[in-house]
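Novice:
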Amino acid sequence: MSNAKNPLHIPSPFQADNAVLTEGQQEQEHVHNVYQAIAPHFSATRYKPWPVVEEFLMTMPPGYVGADVGCGNGKYIGVNPRLFLIGSDRSSNLISICAERGHEAMVSDGLSLGYRSGLFDFAISIAVIHHFVSPERRLAAVEEILRIVRPSGRVLIFVWALEQSGKRDFDKNVQDVFVPWALPAKPAPKKEKSSKGRGRKAKRAPELTQEAEQEAEQEAEQETEQDSSTTSSVTTESTTKSLTTPPSTVVENADSSAPEAAPVFKRYYHLFRQGELEDLVMSTGKVKIEKQGYDRDNWWCIAEKTST
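Okay, here's the thing in structure tokens:
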């Protein structure tokens, strides 16, 4: 359970096989390994730039060099062809997708970016900082982004909001959650038709298809959760809130022809309260906040680096 008096408190440590995981191991298991596994499926639902990010990139002077920290499949890298935007991500599978699209991108950890200090005119970090499991690591991630940006350079950061307005309904007292991602279920093996009669077929509940997921993102211009059904407190495995109605299979006569259950991966998120992102960025002592806002279940801010 979160400490209501301290919005930056995270329950720790995680437990796995009766062993205490370090913060790095927590992120490896519940962030990095997950995105490696779901990269192609995740990428298929991430293709439309968010308006605030697009506007930020389009207002940059021609020839500016920028960093997309946690670039995913690189959907922002080609938004403004007048810029030179370099992507980095912890997932090599997502970086491979960037490479296939002809983008400049490399594998790099958000706490140790492979760039010299002050190299970039600007940087963006979209839906990344909320994956770090402690206040100290979230602060370190922001400081690393600022390190690679020159003085007077600008930074745009997006994080998930605790105050959700869409279909997600988070417990307002719990800021640290697991959000599931389910890969598509493998289809059942085909059965030979029998001339003696028809067998009883499995009845399937409606599924949120990849096409529907993409259409939903295009209409809402926001990230959506593929087949997400629940969030779990990081301190327990119990369900706290229902996010969507999960697809399911009802089998009248269970046999080997039933579809194989889809694997479900748990991604860690820290849900930011209103004002928490600005407080985090300002705590570096190196910036001034230019703008901040709420956009489709995310808090965002634009900051100018004022000192090294």
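Going by our numbering, the residue at position 73 of the sequence shown is 266; the numbering climbs one at a time, nothing skipped.
The beta carbon of each residue, even a glycine, is placed where N, CA and C say it ideally should be.
The structure presented is a predicted model; accordingly, all values stated were derived computationally and were not measured.
Indicate whether the contact test is met: 3 or more Cβ pairs, each with one atom in the stretch 321-341 and one in the stretch 284-294, closer than 8 angstroms.
Specialist: No, the stretch 321-341 does not touch the stretch 284-294.
Novice: Grab the span of the alpha helix (DSSP H) containing G217 for me, first residue to last.
Specialist: Here residue 217 is taken as the residue at index 24 of the sequence shown, counted from 1. Looking at the DSSP string, the run of the alpha helix (DSSP H) that includes G217 is E216 to E220.
Novice: By DSSP, does C494 sit in helix, in strand, or in coil?
Specialist: Within the sequence shown, numbered from 1, the residue matching residue 494 stands at position 301. The answer is strand: DSSP assigns C494 an E or B state.
Novice: When the Cα atoms are used, what is the spatial distance from Q185 to A320?
Specialist: Since the displayed the chain opens at 194 and closes at 501, residue 185 lies outside it and no answer follows.
Novice: For R460 and E216, I'd like the C-alpha separation in whole angstroms.
Specialist: Taking the first residue of the sequence shown as position 1, residue 460 is located at position 267. Taking the first residue of the sequence shown as position 1, residue 216 is located at position 23. Cα-Cα distance, rounded: 14 angstroms.
Novice: Using a 10 Å radius around the Cβ and a threshold of 16 neighbouring Cβ atoms, would you call I279 buried or exposed?
Specialist: The residue given as residue 279 occupies position 86 in the sequence shown. That one is buried.
Novice: Note down the Cα distance separating V474 from S285, rounded to an integer number of angstroms.
Specialist: What you label residue 474 is simply residue 281 of the sequence shown in a count that begins at 1. What you label residue 285 is simply residue 92 of the sequence shown in a count that begins at 1. Cα to Cα, the separation comes out at about 28 angstroms.
Novice: Run through DSSP, which three-state label would Q485 get?
Specialist: The residue given as residue 485 occupies position 292 in the sequence shown. Reduced to three states, the DSSP call for Q485 is strand.
Novice: Rounded to whole angstroms, what is the Cα-Cα separation between L250 and V335?
Specialist: As a first step, residue 250 must be located in the sequence shown, where it is residue number 57. As a first step, residue 335 must be located in the sequence shown, where it is residue number 142. Rounded to the nearest angstrom, the two C-alpha atoms are 19 angstroms apart.
Novice: What is the C-beta distance between V480 and E497, in whole angstroms, given that I count them as a contact (C-beta under 8 angstroms)?
Specialist: Numbered from its first residue, the sequence shown carries residue 480 at position 287. Numbered from its first residue, the sequence shown carries residue 497 at position 304. Contact flag correct, Cβ pair sits at about 6 angstroms.
Novice: So, is V213 buried or exposed, given that buried needs 16 or more other C-beta atoms within 10 angstroms?
Specialist: Mapped onto the sequence shown, residue 213 falls at position 20. By the neighbour-count rule (16 or more Cβ atoms within 10 Å), V213 is not buried but exposed.
Novice: If I'm right that L349 touches W493 with Cβ under 8 angstroms, what's the distance once you round it to whole angstroms?
Specialist: As a first step, residue 349 must be located in the sequence shown, where it is residue number 156. As a first step, residue 493 must be located in the sequence shown, where it is residue number 300. Confirmed, Cβ separation roughly 7 angstroms.
Novice: How would you call P255, buried or exposed, if buried means at least 16 neighbouring beta carbons within 10 angstroms?
Specialist: Locating residue 255 in the sequence shown gives position 62, where the first residue counts as 1. It is exposed - the Cβ of P255 has fewer than 16 other Cβ atoms within 10 Å.
Novice: State whether the stretch 232-239 contacts the stretch 259-269, with contact taken as three or more CB pairs (one from each stretch) at a distance under 8 angstroms.
Specialist: Yes: at least three Cβ pairs fall under 8 angstroms.
Novice: In terms of alpha-carbon separation, which member of R330, L287 and F313 lies closest to G303?
Specialist: Numbered from 1 along the sequence shown, position 110 holds the residue referred to as residue 303. When only C-alpha atoms are compared, the closest one is R330.
Novice: Hey, how far is the Cα of S310 from the Cα of D364?
Specialist: If you number the sequence shown from 1, residue 310 lands on position 117. If you number the sequence shown from 1, residue 364 lands on position 171. Approximately 40 angstroms, taken between the alpha carbons.
Novice: With H, G and I counted as helix, E and B as strand and the rest as coil, what does DSSP make of S285?
Specialist: What you label residue 285 is simply residue 92 of the sequence shown in a count that begins at 1. The answer is helix: DSSP assigns S285 an H, G or I state.
Novice: Can you list, in chain order, the residues of its chain with a C-beta nearer than 8 angstroms to that of R283? Leave out the 5 residues immediately preceding and following it.
Specialist: Against the sequence shown, residue 283 aligns to sequence position 90. Answer for R283: V224, H225, Y228, G263, V300, S301, D302 and G303, listed in chain order.
Novice: Quick check for students: name the residue ranges of the alpha helix (DSSP H) that lie wholly in the stretch 266-313, counting only runs of 4 or more.
Specialist: You should have 285-293.
Novice: According to the neighbour-count rule (16 or more other Cβ atoms, all chains shown, within 10 Å of its Cβ), is P373 buried or exposed?
Specialist: Taking the first residue of the sequence shown as 1, we reach residue 373 at position 180. Classification for P373: buried.
Novice: Grouping DSSP H, G and I as helix and E and B as strand, with all else coil, what is L332?
Specialist: Looking up residue 332 in the sequence shown gives position 139. L332 falls in the helix class under three-state DSSP.
Novice: Can you tell me whether E483 is buried or exposed, with buried defined as 16 or more other CB within 10 angstroms of its CB?
Specialist: For the purposes of this step, residue 483 is taken as residue 290 along the sequence shown, with counting starting at 1. The residue in question, E483, is exposed, as its Cβ has fewer than 16 Cβ neighbours within 10 Å.
Novice: Using only the alpha-carbon positions, how far apart do S318 and G486 sit?
Specialist: In the sequence shown, residue 318 corresponds to position 125, counting from 1. In the sequence shown, residue 486 corresponds to position 293, counting from 1. Distance between the alpha carbons of S318 and G486 is about 15 angstroms.
Novice: Using the three-state DSSP reduction, which class does Y228 fall into: helix, strand or coil?
Specialist: Numbered from its first residue, the sequence shown carries residue 228 at position 35. Reduced to three states, the DSSP call for Y228 is helix.
Novice: Identify which residue in G346, S289, H463 and S305 has its Cα closest to the Cα of N366.
Specialist: Numbered from its first residue, the sequence shown carries residue 366 at position 173. The shortest C-alpha separation from N366 is found at H463.
Novice: Using a threshold of 9 angstroms, state whether the C-beta atoms of I338 and L306 are closer than that.
Specialist: The sequence position of residue 338 within the sequence shown is 145, counting from 1. The sequence position of residue 306 within the sequence shown is 113, counting from 1. Going by C-beta atoms, I338 is nearer than 9 angstroms to L306.
Novice: With P244 as the anchor, note down where its alpha helix (DSSP H) starts and where it stops.
Specialist: Taking the sequence shown and counting its residues from 1, the one referred to as residue 244 is at position 51. From DSSP, the alpha helix (DSSP H) with P244 extends over P244 to M251.
Novice: Nearest-angstrom Cα distance between V245 and P456?
Specialist: Counted from its first residue, the sequence shown places residue 245 at position 52. Counted from its first residue, the sequence shown places residue 456 at position 263. About 33 angstroms.
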